[in-house]
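Start counting the sequence shown at 28; every next residue gets the next number (the numbering used here). We treat Cβ as the ideally placed atom computed from N, Cα and C, and that holds for glycine. Here the structure is a predicted model, which is why all the values come from computation and not from measurement.
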Amino acid sequence: MPTSSAAATFAETPPPLDLERGASLRAFNTFGLPCVATTLVRVHSEGDLKRVVNDPELGRAPKFVLGGGSNLVLTRDVDRCVLKVEIRGRKVLETREDAVIVEVGAGESWHDTVQWCLDHDLPGLENMALIPGTVGAAPVQNIGAYGVELKDRFDSLDAVDLITGRTVTLTAEQCHFGYRDSVFKQHLANKSVITRVRLRLPRPWVPVLGYLELERKIAETGNTHPTARQIFDWICEVRRAKLPDPAVIGNAGSFFKNPVVTAEQCRDIIGRDPEIVHYPLDDGSFKLAAGWMIDACGWKGKSIGRAGVYERQALVLVNRGGASGAEVVTLARAIQESVYGRFGIRLEPEPVVL
(Lines of atoms letter the chains of each structure in order from A; the text may use other names.)
(Lines give C-alpha, C1' and ligand atoms only; values in the text may rest on other atoms or scores of the structure.)
Protein backbone atom coordinates (compact mmCIF):
# COMPACT_ATOMS: atom_id res chain seq x y z
CA MET A 28 0.00 0.00 0.00
CA PRO A 29 1.58 3.36 -1.03
CA THR A 30 2.54 5.89 1.58
CA SER A 31 0.67 9.16 1.81
CA SER A 32 3.63 11.06 0.33
CA ALA A 33 3.80 8.66 -2.61
CA ALA A 34 0.07 9.04 -3.16
CA ALA A 35 0.43 12.81 -3.13
CA THR A 36 3.27 12.60 -5.66
CA PHE A 37 1.19 10.33 -7.89
CA ALA A 38 -1.81 12.68 -7.68
CA GLU A 39 0.32 15.64 -8.73
CA THR A 40 1.66 13.92 -11.85
CA PRO A 41 0.08 15.73 -14.80
CA PRO A 42 -1.60 13.72 -17.54
CA PRO A 43 0.33 13.32 -20.82
CA LEU A 44 -0.02 16.07 -23.40
CA ASP A 45 -2.98 15.66 -25.74
CA LEU A 46 -0.73 15.26 -28.80
CA GLU A 47 -1.17 13.85 -32.30
CA ARG A 48 1.40 13.42 -35.08
CA GLY A 49 0.48 13.95 -38.75
CA ALA A 50 -2.87 15.42 -37.77
CA SER A 51 -5.44 16.52 -40.33
CA LEU A 52 -6.59 20.13 -39.84
CA ARG A 53 -9.52 19.95 -42.26
CA ALA A 54 -12.04 19.80 -39.39
CA PHE A 55 -10.24 22.62 -37.55
CA ASN A 56 -10.59 25.34 -40.20
CA THR A 57 -14.03 26.65 -41.14
CA PHE A 58 -13.11 26.80 -44.84
CA GLY A 59 -12.74 23.01 -44.70
CA LEU A 60 -9.41 23.15 -46.55
CA PRO A 61 -7.18 20.05 -46.62
CA CYS A 62 -4.00 20.30 -44.54
CA VAL A 63 -1.84 18.12 -42.29
CA ALA A 64 0.10 19.37 -39.27
CA THR A 65 3.39 17.76 -38.29
CA THR A 66 2.31 17.91 -34.63
CA LEU A 67 -0.98 18.96 -33.04
CA VAL A 68 -1.23 19.68 -29.31
CA ARG A 69 -4.65 20.34 -27.79
CA VAL A 70 -4.08 22.91 -25.04
CA HIS A 71 -6.46 22.49 -22.08
CA SER A 72 -4.59 24.63 -19.53
CA GLU A 73 -1.73 27.04 -18.99
CA GLY A 74 0.17 24.07 -17.60
CA ASP A 75 -0.01 22.35 -20.99
CA LEU A 76 1.63 25.37 -22.61
CA LYS A 77 4.41 25.47 -20.02
CA ARG A 78 5.07 21.78 -20.61
CA VAL A 79 5.28 22.38 -24.37
CA VAL A 80 7.79 25.18 -23.80
CA ASN A 81 9.90 22.99 -21.52
CA ASP A 82 9.76 19.89 -23.75
CA PRO A 83 13.16 19.23 -25.41
CA GLU A 84 11.55 18.65 -28.84
CA LEU A 85 8.37 20.74 -28.80
CA GLY A 86 10.02 23.70 -27.11
CA ARG A 87 12.42 24.18 -30.01
CA ALA A 88 9.86 23.57 -32.76
CA PRO A 89 8.26 26.55 -34.56
CA LYS A 90 4.69 27.10 -33.33
CA PHE A 91 1.34 27.98 -34.88
CA VAL A 92 -1.52 29.01 -32.60
CA LEU A 93 -4.97 27.76 -33.65
CA GLY A 94 -8.28 28.84 -32.14
CA GLY A 95 -11.53 28.12 -33.94
CA GLY A 96 -9.91 28.22 -37.39
CA SER A 97 -12.49 30.75 -38.58
CA ASN A 98 -9.93 33.31 -39.74
CA LEU A 99 -7.56 31.03 -41.61
CA VAL A 100 -6.76 30.01 -45.20
CA LEU A 101 -4.51 26.94 -45.32
CA THR A 102 -2.60 26.66 -48.60
CA ARG A 103 -0.12 23.95 -47.57
CA ASP A 104 0.71 21.42 -44.86
CA VAL A 105 1.88 22.98 -41.59
CA ASP A 106 5.43 21.95 -40.69
CA ARG A 107 5.06 23.33 -37.17
CA CYS A 108 3.78 22.41 -33.75
CA VAL A 109 0.15 23.51 -33.93
CA LEU A 110 -1.25 24.59 -30.56
CA LYS A 111 -5.04 24.24 -30.59
CA VAL A 112 -6.35 26.29 -27.68
CA GLU A 113 -9.23 24.59 -25.81
CA ILE A 114 -9.11 26.32 -22.40
CA ARG A 115 -12.65 26.60 -20.98
CA GLY A 116 -14.57 28.49 -18.31
CA ARG A 117 -16.60 31.67 -17.79
CA LYS A 118 -17.20 33.69 -14.62
CA VAL A 119 -18.06 37.14 -13.36
CA LEU A 120 -14.77 38.33 -11.91
CA GLU A 121 -15.73 41.72 -10.52
CA THR A 122 -18.71 44.06 -10.34
CA ARG A 123 -17.70 47.71 -10.36
CA GLU A 124 -19.78 50.83 -10.27
CA ASP A 125 -19.14 51.54 -13.96
CA ALA A 126 -18.70 48.03 -15.37
CA VAL A 127 -18.86 44.27 -14.84
CA ILE A 128 -15.67 42.32 -15.56
CA VAL A 129 -16.22 38.85 -17.04
CA GLU A 130 -13.32 36.38 -17.40
CA VAL A 131 -13.52 33.77 -20.17
CA GLY A 132 -11.26 30.88 -21.20
CA ALA A 133 -9.64 31.37 -24.59
CA GLY A 134 -11.11 28.15 -25.99
CA GLU A 135 -14.74 29.14 -25.42
CA SER A 136 -16.94 29.97 -28.42
CA TRP A 137 -17.30 33.72 -28.90
CA HIS A 138 -20.98 33.56 -29.89
CA ASP A 139 -21.82 31.24 -27.01
CA THR A 140 -20.11 33.73 -24.68
CA VAL A 141 -22.27 36.57 -26.03
CA GLN A 142 -25.34 34.42 -25.29
CA TRP A 143 -24.02 33.47 -21.83
CA CYS A 144 -23.58 37.13 -20.92
CA LEU A 145 -27.13 37.98 -22.00
CA ASP A 146 -28.49 34.97 -20.11
CA HIS A 147 -26.79 36.38 -16.99
CA ASP A 148 -28.18 39.90 -17.58
CA LEU A 149 -24.79 41.21 -18.74
CA PRO A 150 -25.40 43.23 -21.95
CA GLY A 151 -22.74 44.89 -24.07
CA LEU A 152 -21.60 42.23 -26.55
CA GLU A 153 -24.88 41.81 -28.47
CA ASN A 154 -23.69 43.72 -31.56
CA MET A 155 -20.99 41.09 -32.03
CA ALA A 156 -23.37 38.12 -32.04
CA LEU A 157 -22.65 35.23 -34.43
CA ILE A 158 -19.05 36.24 -35.10
CA PRO A 159 -17.36 32.83 -35.56
CA GLY A 160 -14.31 31.74 -33.64
CA THR A 161 -13.08 31.55 -30.08
CA VAL A 162 -12.73 34.12 -27.31
CA GLY A 163 -8.94 33.81 -27.45
CA ALA A 164 -8.93 34.76 -31.13
CA ALA A 165 -11.11 37.84 -30.54
CA PRO A 166 -8.29 40.13 -29.32
CA VAL A 167 -5.92 38.89 -32.03
CA GLN A 168 -8.25 40.12 -34.75
CA ASN A 169 -9.89 42.87 -32.67
CA ILE A 170 -13.19 41.48 -33.94
CA GLY A 171 -16.08 43.83 -34.47
CA ALA A 172 -19.50 44.26 -36.04
CA TYR A 173 -22.35 46.77 -36.18
CA GLY A 174 -20.47 49.60 -34.50
CA VAL A 175 -18.75 47.70 -31.67
CA GLU A 176 -15.21 46.27 -31.59
CA LEU A 177 -13.58 43.97 -29.06
CA LYS A 178 -11.38 46.84 -27.85
CA ASP A 179 -14.55 48.70 -26.78
CA ARG A 180 -15.39 45.87 -24.35
CA PHE A 181 -11.87 44.81 -23.34
CA ASP A 182 -10.27 44.90 -19.91
CA SER A 183 -7.15 42.71 -20.05
CA LEU A 184 -5.91 39.24 -20.97
CA ASP A 185 -3.46 36.57 -19.85
CA ALA A 186 -1.01 34.95 -22.25
CA VAL A 187 1.83 32.47 -22.00
CA ASP A 188 5.16 33.45 -23.55
CA LEU A 189 6.27 30.59 -25.82
CA ILE A 190 9.95 31.35 -25.21
CA THR A 191 10.05 31.62 -21.44
CA GLY A 192 6.83 29.83 -20.45
CA ARG A 193 5.89 32.74 -18.20
CA THR A 194 2.34 34.05 -17.91
CA VAL A 195 1.95 37.75 -18.69
CA THR A 196 -1.05 40.08 -18.36
CA LEU A 197 -1.66 42.67 -21.10
CA THR A 198 -3.85 45.76 -20.97
CA ALA A 199 -5.70 47.25 -23.93
CA GLU A 200 -2.87 49.73 -24.46
CA GLN A 201 -0.30 46.92 -24.56
CA CYS A 202 -2.41 44.98 -27.09
CA HIS A 203 -2.11 47.85 -29.61
CA PHE A 204 -5.57 47.30 -31.04
CA GLY A 205 -6.25 48.58 -34.55
CA TYR A 206 -8.84 47.85 -37.21
CA ARG A 207 -8.81 44.02 -37.32
CA ASP A 208 -5.33 44.18 -35.87
CA SER A 209 -3.38 43.81 -32.63
CA VAL A 210 0.10 43.10 -31.30
CA PHE A 211 -0.72 39.37 -31.71
CA LYS A 212 -0.79 39.79 -35.50
CA GLN A 213 2.46 41.75 -35.39
CA HIS A 214 5.58 41.05 -33.31
CA LEU A 215 3.84 38.62 -30.91
CA ALA A 216 2.41 36.46 -33.72
CA ASN A 217 2.86 32.80 -32.70
CA LYS A 218 5.20 33.91 -29.91
CA SER A 219 2.58 33.87 -27.16
CA VAL A 220 -0.73 32.14 -26.55
CA ILE A 221 -3.76 33.90 -25.08
CA THR A 222 -5.23 31.79 -22.29
CA ARG A 223 -7.89 34.00 -20.67
CA VAL A 224 -9.66 37.19 -21.69
CA ARG A 225 -11.36 39.67 -19.36
CA LEU A 226 -14.22 41.64 -20.87
CA ARG A 227 -15.43 44.99 -19.53
CA LEU A 228 -19.22 45.38 -19.89
CA PRO A 229 -20.17 49.01 -19.18
CA ARG A 230 -22.80 50.06 -16.66
CA PRO A 231 -25.27 51.50 -17.36
CA TRP A 232 -25.76 49.73 -20.69
CA VAL A 233 -26.21 52.01 -23.72
CA PRO A 234 -27.39 50.45 -27.02
CA VAL A 235 -25.32 50.94 -30.19
CA LEU A 236 -27.77 51.39 -33.05
CA GLY A 237 -25.96 53.43 -35.71
CA TYR A 238 -25.73 50.80 -38.47
CA LEU A 239 -28.05 50.71 -41.47
CA GLU A 240 -29.37 47.19 -40.83
CA LEU A 241 -30.31 48.09 -37.25
CA GLU A 242 -31.97 51.32 -38.35
CA ARG A 243 -34.04 49.25 -40.80
CA LYS A 244 -35.09 46.88 -38.01
CA ILE A 245 -36.17 49.83 -35.87
CA ALA A 246 -38.20 51.21 -38.77
CA GLU A 247 -39.76 47.80 -39.53
CA THR A 248 -40.76 47.06 -35.94
CA GLY A 249 -41.39 50.56 -34.61
CA ASN A 250 -39.28 49.58 -31.60
CA THR A 251 -37.13 52.66 -30.98
CA HIS A 252 -35.80 51.47 -27.62
CA PRO A 253 -34.78 47.83 -28.17
CA THR A 254 -33.36 45.72 -25.36
CA ALA A 255 -29.95 44.07 -25.64
CA ARG A 256 -31.71 40.75 -26.31
CA GLN A 257 -33.73 42.34 -29.12
CA ILE A 258 -30.57 43.76 -30.71
CA PHE A 259 -28.97 40.32 -30.40
CA ASP A 260 -31.95 38.71 -32.14
CA TRP A 261 -31.96 41.32 -34.91
CA ILE A 262 -28.26 40.88 -35.61
CA CYS A 263 -28.59 37.09 -35.65
CA GLU A 264 -31.43 37.43 -38.19
CA VAL A 265 -29.42 39.79 -40.39
CA ARG A 266 -26.25 37.70 -40.30
CA ARG A 267 -28.05 34.40 -40.93
CA ALA A 268 -29.86 35.94 -43.90
CA LYS A 269 -26.65 36.94 -45.66
CA LEU A 270 -23.82 34.79 -44.25
CA PRO A 271 -23.42 31.04 -44.86
CA ASP A 272 -23.15 28.57 -41.99
CA PRO A 273 -19.60 27.09 -42.07
CA ALA A 274 -21.08 23.73 -41.05
CA VAL A 275 -22.98 23.73 -44.37
CA ILE A 276 -20.62 25.53 -46.75
CA GLY A 277 -16.98 26.23 -45.90
CA ASN A 278 -16.05 29.87 -45.39
CA ALA A 279 -14.15 32.24 -43.12
CA GLY A 280 -16.81 34.93 -42.79
CA SER A 281 -15.93 38.36 -44.15
CA PHE A 282 -12.85 37.81 -46.29
CA PHE A 283 -11.77 41.42 -46.82
CA LYS A 284 -11.44 44.36 -44.46
CA ASN A 285 -13.63 47.37 -45.14
CA PRO A 286 -11.10 49.96 -46.40
CA VAL A 287 -10.71 53.25 -44.55
CA VAL A 288 -10.09 56.33 -46.72
CA THR A 289 -9.73 60.06 -46.24
CA ALA A 290 -12.68 62.40 -46.65
CA GLU A 291 -11.16 63.60 -49.95
CA GLN A 292 -10.82 60.05 -51.28
CA CYS A 293 -14.39 59.30 -50.23
CA ARG A 294 -15.74 62.37 -52.04
CA ASP A 295 -13.84 61.35 -55.17
CA ILE A 296 -15.29 57.82 -55.14
CA ILE A 297 -18.81 59.11 -54.40
CA GLY A 298 -18.42 61.45 -57.38
CA ARG A 299 -17.89 58.40 -59.62
CA ASP A 300 -20.15 55.93 -57.74
CA PRO A 301 -22.79 57.89 -55.78
CA GLU A 302 -24.40 54.72 -54.37
CA ILE A 303 -21.31 53.37 -52.62
CA VAL A 304 -22.03 52.45 -49.00
CA HIS A 305 -19.82 54.43 -46.62
CA TYR A 306 -19.67 55.28 -42.91
CA PRO A 307 -18.05 58.33 -41.25
CA LEU A 308 -15.53 57.63 -38.49
CA ASP A 309 -14.71 59.76 -35.46
CA ASP A 310 -11.36 60.93 -36.89
CA GLY A 311 -12.94 62.37 -40.04
CA SER A 312 -12.07 59.43 -42.28
CA PHE A 313 -14.61 57.10 -43.90
CA LYS A 314 -15.09 53.33 -43.93
CA LEU A 315 -16.16 51.94 -47.31
CA ALA A 316 -18.21 48.75 -47.70
CA ALA A 317 -15.88 46.25 -49.36
CA GLY A 318 -18.78 43.90 -50.13
CA TRP A 319 -20.55 46.65 -52.09
CA MET A 320 -17.43 47.27 -54.20
CA ILE A 321 -16.94 43.55 -54.90
CA ASP A 322 -20.60 43.25 -55.92
CA ALA A 323 -20.27 46.33 -58.14
CA CYS A 324 -17.41 44.60 -59.93
CA GLY A 325 -19.72 41.67 -60.76
CA TRP A 326 -18.19 39.01 -58.53
CA LYS A 327 -21.23 37.94 -56.50
CA GLY A 328 -21.97 34.26 -57.24
CA LYS A 329 -18.87 33.82 -59.46
CA SER A 330 -16.24 31.12 -58.98
CA ILE A 331 -12.67 30.28 -59.81
CA GLY A 332 -12.21 26.54 -59.65
CA ARG A 333 -14.03 25.25 -56.59
CA ALA A 334 -13.77 28.52 -54.67
CA GLY A 335 -16.54 31.08 -55.11
CA VAL A 336 -18.13 34.33 -53.96
CA TYR A 337 -21.25 33.75 -51.88
CA GLU A 338 -24.49 34.57 -53.70
CA ARG A 339 -26.02 36.56 -50.82
CA GLN A 340 -22.95 38.48 -49.64
CA ALA A 341 -20.04 39.40 -51.91
CA LEU A 342 -17.71 39.90 -48.93
CA VAL A 343 -17.73 36.15 -48.22
CA LEU A 344 -15.66 33.62 -50.17
CA VAL A 345 -16.79 30.00 -49.96
CA ASN A 346 -15.57 26.47 -50.57
CA ARG A 347 -18.02 25.01 -53.08
CA GLY A 348 -16.72 21.53 -52.35
CA GLY A 349 -13.18 20.20 -52.40
CA ALA A 350 -11.52 23.58 -52.89
CA SER A 351 -7.84 24.02 -52.14
CA GLY A 352 -6.28 26.95 -50.35
CA ALA A 353 -4.56 27.90 -53.61
CA GLU A 354 -7.95 28.26 -55.33
CA VAL A 355 -9.22 30.52 -52.55
CA VAL A 356 -6.11 32.73 -52.80
CA THR A 357 -6.38 32.89 -56.62
CA LEU A 358 -10.00 34.05 -56.34
CA ALA A 359 -9.12 36.62 -53.68
CA ARG A 360 -6.35 38.09 -55.83
CA ALA A 361 -8.61 38.34 -58.86
CA ILE A 362 -11.17 40.25 -56.77
CA GLN A 363 -8.48 42.58 -55.45
CA GLU A 364 -7.37 43.42 -58.98
CA SER A 365 -10.96 44.12 -60.10
CA VAL A 366 -11.67 46.44 -57.18
CA TYR A 367 -8.36 48.25 -57.59
CA GLY A 368 -8.97 48.71 -61.30
CA ARG A 369 -12.38 50.29 -60.74
CA PHE A 370 -12.03 52.15 -57.44
CA GLY A 371 -8.27 52.57 -56.95
CA ILE A 372 -8.62 50.77 -53.59
CA ARG A 373 -6.49 47.76 -52.67
CA LEU A 374 -8.59 45.42 -50.50
CA GLU A 375 -6.78 43.73 -47.63
CA PRO A 376 -7.74 40.17 -46.61
CA GLU A 377 -8.90 39.56 -43.05
CA PRO A 378 -7.87 35.88 -42.68
CA VAL A 379 -4.34 34.67 -42.05
CA VAL A 380 -3.04 32.95 -45.19
CA LEU A 381 -0.63 30.14 -44.33
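Residue 93 has 111 as its beta-bridge partners, per DSSP. Here residue 65 carries a strand assignment [DSSP, helix/strand/coil].
Comparing alpha carbon positions, the residue from 308, 284, 323 and 282 closest to residue 301 is 323. Taking all protein chains shown into account, residue 340 has 16 or more neighbouring C-beta atoms within 10 Å of its C-beta and is therefore buried.
Nearest C-alpha to residue 237 among 297, 337, 217 and 172: 172.
Taking residue 80 as the centre and dropping the five residues before and after it, the same chain places the C-beta of 86, 189 and 192 closer than 7 Å to its C-beta, in chain order. A distance of 8 Å or more separates the beta carbons of residue 166 and residue 95.
By alpha-carbon distance to residue 68, the top candidate from 227, 46, 76 and 60 is 46. Per DSSP, the continuous alpha helix (DSSP H) segment holding residue 366 begins and ends at 352-370.
Beyond the five residues adjoining it in sequence on each side, residue 202 comes within less than 7 Å, by CB distance, of 166, 209 and 210 in the same chain, given in chain order. Linking residue 232 to residue 150 through their CA atoms gives a straight-line distance of about 7 Å.
Runs of beta strand (DSSP E) with 3 or more residues, each lying fully within the segment 296-355, are found at 305-307, 313-315, 334-336 and 343-346, listed in chain order. Taken atom to atom, the span from the alpha-carbon of residue 102 to that of residue 345 is near 15 Å. Taking the C-beta atoms as reference points, residue 153 is found no nearer than 8 Å to residue 134.
Comparing C-alpha distances from residue 320 to each of 356, 362 and 358 shows the shortest one belongs to 362. Looking at the backbone, the Cα of residue 174 and that of residue 52 are separated by about 33 Å. Of all C-beta pairs linking the segment 215-231 to the segment 251-258, fewer than three are shorter than 8 Å, placing the two stretches out of contact.
In the structure shown, residue 376 falls within a strand segment according to DSSP collapsed to helix, strand and coil.
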